[in-house]
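Written out below as structure tokens is the structure these notes cover.
Residue numbers (the working numbering): 972 to 1086.
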């Protein structure tokens, strides 16, 4: 018993709609095959169990990862040319703007001079 105004869909139409939906999804789908760790996040390495007899793994060094890791560990003034946050603006230029050319020599007074 059909409701008036609604058409029943046969299996051929449903299959065609399903195929069209899958084609739309495949056009929009992007496949990412490369994986890399975020160098800004700290990596927690856990040691093996003490009684484990597993031989140590041989890991090849990735120069790009090591460079990105070292760059992430640098001070903000070395990483960026300008401050990135409001907090970094305070103290960004840590060298004095004017050289101190006056040298004041402080002398210690002995107890004999004070009396």
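Built from N, CA and C at the ideal position, the CB exists for glycine as well.
Please report the residue range of the alpha helix (DSSP H) in which residue i lies.
| i | result |
| --- | --- |
| residue 997 | 982-999 |
| residue 1037 | 1034-1044 |
| residue 1058 | 1057-1060 |
| residue 1050 | 1047-1050 |
Could you give the C-beta distance for residue i and residue j, rounded to a whole number, given that I count them as a contact under 8 Å?
| i | j | result |
| --- | --- | --- |
| residue 1043 | residue 1010 | 4 Å |
| residue 1047 | residue 1055 | 7 Å |
Residues in its own chain within less than 6 Å of residue i by CB, not counting five upstream and five downstream?
| i | result |
| --- | --- |
| residue 1040 | 1010 |
Please return the same chain residues whose Cβ sits closer than 8 Å to the Cβ of residue i, not counting the five positions on each side in sequence.
| i | result |
| --- | --- |
| residue 1148 | No answer is possible for residue 1148: the residues shown for the chain start at 972 and end at 1086. |
Excluding the 5 residues flanking residue i on each side, which residues of the same chain have their C-beta closer than 7 Å to its C-beta?
| i | result |
| --- | --- |
| residue 980 | none |
| residue 1053 | none |
Answer yes or no: the CB of residue i versus the heavy atoms of the ligand MG, is any distance below 7 Å?
| i | result |
| --- | --- |
| residue 1024 | With respect to small molecules bound, the structure shown includes none, and the ligand MG cannot be examined in it. |
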